[in-house]
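The sequence shown begins at 8 in our numbering and counts up one residue at a time. Every residue, glycine too, gets a C-beta built ideally from N, C-alpha and C. I have placed the structure first, in the form of structure tokens, so that the comments after it can refer back to it.
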Amino acid sequence: MVEVFRDAQGVPHLRADSVDELARLQGRVVAQDRAWQIEWNRRRAEGRTAEIIGAPGLTFDRFARRAGIDRVAQRCFDNLDDRTQTWVSAFTEGVNTGLADGASGAYEFDSLDIGPGTWQPWSPLALFAVQQLIFGGFAYKLWRRHVSRRLGADVVDLLDSEIPDAIGSNAWVVTGRRTASGKPIIAGDPHRQADFPGVYQQVRLACPEFDVFGFTFAGVPGVQHFAHTGRVAWAITNAMSDYQDLFEEQLDRSGAEVTARGPSGPEPVQRRIETISVRGGTTEQLEVLVTRRGPVIVDGETGPPSACRRRRWSRTISASAACCHCCTPATSTTFWQRWPPGSSRSTAGSSPTVPAPSGTSLPAGFHCGTTGMWTCRCRPGIPAMPGQARTPRCRSMWSMTWRSTRTTGQAVGVSGSSTRPAGGPAGSAPGSAS
Numbered sequence: 008m009v010e011v012f013r014d015a016q017g018v019p020h021l022r023a024d025s026v027d028e029l030a031r032l033q034g035r036v037v038a039q040d041r042a043w044q045i046e047w048n049r050r051r052a053e054g055r056t057a058e059i060i061g062a063p064g065l066t067f068d069r070f071a072r073r074a075g076i077d078r079v080a081q082r083c084f085d086n087l088d089d090r091t092q093t094w095v096s097a098f099t100e101g102v103n104t105g106l107a108d109g110a111s112g113a114y115e116f117d118s119l120d121i122g123p124g125t126w127q128p129w130s131p132l133a134l135f136a137v138q139q140l141i142f143g144g145f146a147y148k149l150w151r152r153h154v155s156r157r158l159g160a161d162v163v164d165l166l167d168s169e170i171p172d173a174i175g176s177n178a179w180v181v182t183g184r185r186t187a188s189g190k191p192i193i194a195g196d197p198h199r200q201a202d203f204p205g206v207y208q209q210v211r212l213a214c215p216e217f218d219v220f221g222f223t224f225a226g227v228p229g230v231q232h233f234a235h236t237g238r239v240a241w242a243i244t245n246a247m248s249d250y251q252d253l254f255e256e257q258l259d260r261s262g263a264e265v266t267a268r269g270p271s272g273p274e275p276v277q278r279r280i281e282t283i284s285v286r287g288g289t290t291e292q293l294e295v296l297v298t299r300r301g302p303v304i305v306d307g308e309t310g311p312p313s314a315c316r317r318r319r320w321s322r323t324i325s326a327s328a329a330c331c332h333c334c335t336p337a338t339s340t341t342f343w344q345r346w347p348p349g350s351s352r353s354t355a356g357s358s359p360t361v362p363a364p365s366g367t368s369l370p371a372g373f374h375c376g377t378t379g380m381w382t383c384r385c386r387p388g389i390p391a392m393p394g395q396a397r398t399p400r401c402r403s404m405w406s407m408t409w410r411s412t413r414t415t416g417q418a419v420g421v422s423g424s425s426t427r428p429a430g431g432p433a434g435s436a437p438g439s440a441s
């Protein structure tokens, strides 16, 4: 049995008899609601936007192909445990089921005279990677190097005196000892660029194993960053940590063979040619190079010596745990098994810190201040569905490596009870909250 109920604001409340059926249902619903958005982001991840919009799509397509976003997503998927693979695959099946309906009559598909494509099991992971490209500082590092070479290092220092962009994230937790209800309050205020539609989709997911209400990245299963079960709530903020390294190296060519100058001599470079189709019938042949320090992601500057830049997705390649953190359904059991009481963990970029359970949480309002489009006041107990009890991103080159740097600070915690009410889902209503 599956059920879709939309409240007065049009937010989908989904219920199913199993975790996998629920993932399949969520995939179908997001495809119906956000068909163009998720299809566009899938094409971005695969480096295939020029196929539908022509030459303007080439810049990002080149980057996506060189960075190998889709290939990284495949490796991530292959490294997931069987249970999580099944769950993500179920979501993808649902997306493929709902895309035709969602694309039917949609302006973007009709104006471009295209239809939706077919999602692969790893496509949600590729979408998630694309969404995270705004985090980290590699683009700023490349810009600083460019300015330094063209104008001099003193100019870089001068520009550093500018007032920083107004970007940030508000996040806080209040202990129950300081609240009128005696329950802790958690709040997350993510500052995102103004997207339309918004990057997040509000959704409720309910099955016998869990009942959770929050925000999901459209096209990614589960709820990742902001959600609550009525008893447990979690949120994140962005740490903007320095977890990418740049390396300047020299490439030597002999015909089609390319080598990199390493500390002990020449090193082999993987080389392949990818074909990018461009709307209008043209194609572009793109050389993709991968050295021991990662793939070349940006063209080198012209003139000797020129520079290519590379980024190594070391953090993501071994991202089984990270993917599970981002995607796995947030049951109290799996959450506290992954982060047992008394421990805390954080990840580079978006950094959730998870303390031990402590009482029942009272979720505060979740507000995406930059977009101005999402304001959600989450009540202590999740409202009941009808018929249900109340439950609460060459020549000489630059290479870059992502460091798996542990970050602390600027993190919002998770607070709540690790004990599930007898006979009820994880989202059963708290006994007292105001």
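Rounded Cβ spacing between residue i and residue j (contact assumed at less than 8 Å)
{"i": "V276", "j": "L296", "result": "5 Å"}
{"i": "V210", "j": "L29", "result": "Between L29 and V210 the Cβ distance is about 11 Å, and since that is not below 8 Å, they are no contact."}
{"i": "T236", "j": "F222", "result": "14 Å between Cβ atoms; not a contact."}
{"i": "V26", "j": "F135", "result": "At roughly 19 Å, the Cβ-Cβ gap does not stay under 8 Å, so V26 and F135 are not in contact."}
{"i": "H232", "j": "A225", "result": "With 8 Å as the limit, H232 and A225 do not qualify as a contact, their Cβ atoms being about 13 Å apart."}
{"i": "Q138", "j": "V206", "result": "6 Å"}
{"i": "V36", "j": "V11", "result": "6 Å"}
{"i": "I2", "j": "E291", "result": "One cannot answer for residue 2 here, as it falls past the ends of the chain, which runs 8 to 441."}
Residues that residue i bridges to, as DSSP identifies them
{"i": "Y207", "result": "F224"}
{"i": "P197", "result": "S176"}
{"i": "L21", "result": "V11, L212"}
{"i": "G269", "result": "G272"}
{"i": "R260", "result": "V265"}
{"i": "P302", "result": "V297"}
{"i": "D218", "result": "A213"}
{"i": "T290", "result": "S284"}
{"i": "Q277", "result": "V297"}
{"i": "H235", "result": "F220, A240"}
{"i": "V102", "result": "Answer is none; V102 lacks a bridge partner."}
Rounded straight-line distance, which links the Cα of residue j to that of residue i
{"i": "R427", "j": "I192", "result": "Residue placement at R427 is flagged as unreliable, the pLDDT there being 30, under the threshold of 50; the coordinate-derived value follows with that caveat. Roughly 20 Å between the two C-alpha positions."}
{"i": "R278", "j": "V265", "result": "7 Å"}
{"i": "E166", "j": "E255", "result": "Note on identity: in this sequence residue 166 is Leu, with Glu being the wrong assignment. Approximately 23 Å between the Cα atoms of the pair."}
{"i": "V239", "j": "R50", "result": "35 Å"}
{"i": "N245", "j": "L32", "result": "30 Å"}
{"i": "A1", "j": "V95", "result": "The chain is shown from 8 up to 441; residue 1 falls before or after that span and cannot be answered."}
{"i": "E100", "j": "A23", "result": "15 Å"}
{"i": "F151", "j": "S118", "result": "Correcting the residue identity first, residue 151 is Arg in this sequence and not Phe. One C-alpha to the other measures close to 40 Å."}
{"i": "G272", "j": "P302", "result": "19 Å"}
{"i": "F203", "j": "Q257", "result": "42 Å"}
{"i": "P215", "j": "M8", "result": "12 Å"}
{"i": "D259", "j": "L253", "result": "19 Å"}
{"i": "N86", "j": "I59", "result": "32 Å"}
{"i": "L132", "j": "Y114", "result": "27 Å"}
{"i": "T125", "j": "G34", "result": "13 Å"}
{"i": "R157", "j": "L149", "result": "12 Å"}
{"i": "D120", "j": "W179", "result": "47 Å"}
{"i": "L140", "j": "Q208", "result": "19 Å"}
{"i": "A194", "j": "Q16", "result": "22 Å"}
7 Å CB neighbourhood of residue i in its chain, flanking five on each side removed
{"i": "A110", "result": "A42, F116, G122, P123"}
{"i": "T309", "result": "Residue confidence is low: T309 scores 36 on pLDDT, short of 50, so the model does not pin down where it sits. Its coordinate-derived value is still stated next. Result list for T309: empty, nothing under 7 Å."}
{"i": "V181", "result": "P191, I192"}
{"i": "D14", "result": "H20"}
{"i": "N48", "result": "L134, V137, G226"}
Beta-carbon proximity list for residue i, same chain, < 8 Å, skipping 5 on both sides
{"i": "S155", "result": "V162, V163"}
{"i": "R299", "result": "A267, G269, E274"}
{"i": "G61", "result": "V285, R286, G287"}
{"i": "P128", "result": "F84, Q92, V95, S96, T99"}
{"i": "A263", "result": "R278"}
Sequence-distant residues of its chain with Cβ nearer than 6 Å to residue i (five each side left out)
{"i": "V219", "result": "L212, V230, A234, T236, A337"}
{"i": "G4", "result": "Nothing about residue 4 can be reported from this structure: the residues present for the chain run from 8 to 441 only."}
{"i": "A38", "result": "V102, G105, L106, G109"}
{"i": "Q81", "result": "W129"}
{"i": "G112", "result": "none"}
Interface flag, residue i vs chain D, CB-CB below 8 Å
{"i": "V26", "result": "No chain D appears in this structure, which consists of one protein chain only."}
* Can you find at least 3 beta carbon pairs, one from the stretch 145 to 160 and one from the stretch 60 to 74, that sit closer than 8 Å? -> no
* Touch test, the stretch 66 to 82 against the stretch 40 to 58, Cβ-Cβ under 8 Å, three pairs minimum -> yes
* Asked: How do the stretch 37 to 51 and the stretch 98 to 109 stand: do at least 3 beta-carbon pairs fall below 8 Å, yes or no?
  -> yes
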